[in-house]
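See below for the structure under consideration.
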Amino acid sequence: MAAFEVPGRIEGGLRVVPHPAVMLVLLVGTGRAGVDDGAGRRLRRSLVAGPGFGSGGAVRAWGEDVTCLQVRLSPVAARAVLGASPADLAGGMVALDDLWGRDAARIGAQLAETPTWEGRFALAEALVARRVRAARAAVDPEVAWAWERIAGSRGLVRVEQVAADVGWSRRRLWSRFQAQLGLPPKRAATLVRFDHAVHRLAAGDGTARVAADGGYFDQSHLHRDVMAFAGVTPATVAGEPFLTIDDVAWPASGRLHTGPAAPRRN
Numbered sequence: 004m005a006a007f008e009v010p011g012r013i014e015g016g017l018r019v020v021p022h023p024a025v026m027l028v029l030l031v032g033t034g035r036a037g038v039d040d041g042a043g044r045r046l047r048r049s050l051v052a053g054p055g056f057g058s059g060g061a062v063r064a065w066g067e068d069v070t071c072l073q074v075r076l077s078p079v080a081a082r083a084v085l086g087a088s089p090a091d092l093a094g095g096m097v098a099l100d101d102l103w104g105r106d107a108a109r110i111g112a113q114l115a116e117t118p119t120w121e122g123r124f125a126l127a128e129a130l131v132a133r134r135v136r137a138a139r140a141a142v143d144p145e146v147a148w149a150w151e152r153i154a155g156s157r158g159l160v161r162v163e164q165v166a167a168d169v170g171w172s173r174r175r176l177w178s179r180f181q182a183q184l185g186l187p188p189k190r191a192a193t194l195v196r197f198d199h200a201v202h203r204l205a206a207g208d209g210t211a212r213v214a215a216d217g218g219y220f221d222q223s224h225l226h227r228d229v230m231a232f233a234g235v236t237p238a239t240v241a242g243e244p245f246l247t248i249d250d251v252a253w254p255a256s257g258r259l260h261t262g263p264a265a266p267r268r269n
């Protein structure tokens with residue numbers, strides 16, 4: 004979990020860099036905020052976005068005096084929390100009230116009435132836990148294991164090996180994985196690998212070293228992947244403010260708070 008306070012206006016919009024998680028954004032307070040999906044759709048409400056949201060580099064977040072809380076959910080857990088499969092998001096975004104109805108507005112009001120970020124984190128954590136306990140639907144254990152294997156390897160494991168390890172055919176793993184998590188396993192591995200690579204670039208590591216350590220054939224291969232996912236070159240993506248939310252702040256003029264239960268990155 005992370006919370007953002009951005010005084011003033013986000014000039015030009017902030018590029019949303021794809022991430023291998025389902026993103027739940029809860030708006031707090033009366034500031035103006037929204038997300039443009041690059042295809043003519045704009046949401047000004049709390050929203051949910053699927054894994055890889057922002058691919059191509061055209062998605063922008065914008066607003067003025069923005070206060071929001073972001074929860075990143077593993078695709079494996081997202082179905083239980085949201086009451087909908089990540090596959091229903093198809094890599095795009097939906098308004099939270101389309102999924103939760105009046106509960107979305109009620110939760111937003113509770114967050115606004117809570118005076119501290121510690122209290123808001125606790126409220127969000129309790130919300131997630133409550134929805135998980137009440138959920139009936141779950142992904143296949145083989146799919147969950149496959150996701151953890153891909154994420155744990157930083158996207159470097161071969162899909163054929165994952166299928167063999169769970170005792171499924173490649174076709175069966177591909178079908179179940181995409182139906183339940185919203186993207187095929189090879190795409191998931193590519194996205195996880197990209198995410199690790201661009202965070203290393205943002206941390207200041209050189210392109211050649213990132214390409215070699217990240218399983219890319221060469222720097223040109225890394226360049227193509229970064230362009231496909233982020234719409235910019237590796238040199239440019241290294242300075243994207245959206246990538247700093249895990250460890251530093253977003254954006255530089257704003258303030259970030261990380262939740263006490265935030266998982267450690269792989």
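Under our numbering, the first residue of the sequence shown is numbered 4, with each subsequent residue one higher. Just so it is clear, CB atoms sit at the ideal spot from N, CA and C, and this is done for glycine as well.
Cα-Cα separation between residue i and residue j, rounded to whole angstroms
i      : j      : result
Thr117 : Ala90  : 33 angstroms
Ala200 : His22  : 11 angstroms
Trp171 : Ala80  : 22 angstroms
Leu50  : Ala98  : 4 angstroms
Gly34  : Ala115 : 11 angstroms
His226 : Pro237 : 6 angstroms
Gly158 : Pro244 : 23 angstroms
Gly209 : Gly11  : 34 angstroms
Val169 : Glu8   : 44 angstroms
Val25  : Val38  : 15 angstroms
Ala137 : Arg212 : 45 angstroms
Trp253 : Pro144 : Confidence in Trp253 is poor, its pLDDT being 38 and thus under 50, which makes the residue's placement too unreliable to answer from.
Ser58  : Ala83  : 25 angstroms
Ala132 : Trp120 : 18 angstroms
Gly257 : Cys71  : Per-residue confidence for Gly257 stands at a pLDDT of 45, beneath the threshold of 50, marking its modelled position as unreliable; the derived number appears in the next sentence. So the two alpha carbons sit approximately 12 angstroms from each other.
Trp150 : Gly43  : 32 angstroms
Asp100 : Asp106 : 7 angstroms
Ala214 : Arg203 : 10 angstroms
Arg173 : Gly155 : 20 angstroms
Pro266 : Ala192 : Confidence at Pro266 is low in this model, with a pLDDT of 36, below 50, so its placement is unreliable and the value that follows should be read with caution. Each residue's alpha carbon lies about 20 angstroms from the other.
Gly104 : Arg139 : 19 angstroms
Among the options, nearest to residue i - alpha-carbon criterion
i      : options                           : result
Ala5   : Ala211, Ala182 and Phe124         : Phe124
Ala127 : Leu29, Gly37, Val25 and Ala93     : Leu29
Ala108 : Val31, Gln183 and Gly15           : Val31
Ala206 : Ala231, Arg190, Val240 and Lys189 : Val240
Ala182 : Ala87, Arg18 and Asp100           : Ala87
Lys189 : Asp216, Ala167, Val160 and Ser223 : Val160
Leu135 : Gly218, Gly217 and Leu76          : Looking at the sequence shown, residue 135 is not Leu but Val. Comparing Cα positions, the closest option is Leu76.
Beta carbon of residue i nearer than 8 angstroms to that of residue j
i      : j      : result
Leu27  : Val69  : no
Asp228 : Phe197 : yes
Pro54  : Leu186 : yes
Arg152 : Val142 : no
Val62  : Gly94  : no
Val146 : Leu184 : yes
Ile110 : Leu85  : no
Arg47  : Ala36  : yes
Gly60  : Ile13  : no
Ala64  : Gly16  : yes
Ala167 : Val20  : no
For residue i: DSSP bridge partner residues
i     : result
Arg2  : This structure leaves residue 2 out entirely; the chain is present only between 4 and 269.
Gln73 : Ala5 and Val28
Ala52 : Met26 and Met96
Arg45 : Asp39
Arg12 : Glu67
Check: residue i C-beta below 7 angstroms from any heavy atom of the ligand NAP
i     : result
Thr33 : Judged by which ligands are present, the structure shown has none, so any question about the ligand NAP falls away.
Open item on the list: If we require 4 or more residues per run, which alpha helix (DSSP H) segments fall completely within the segment 167-239?
Closed with: 173-184, 188-205, 210-216 and 222-233
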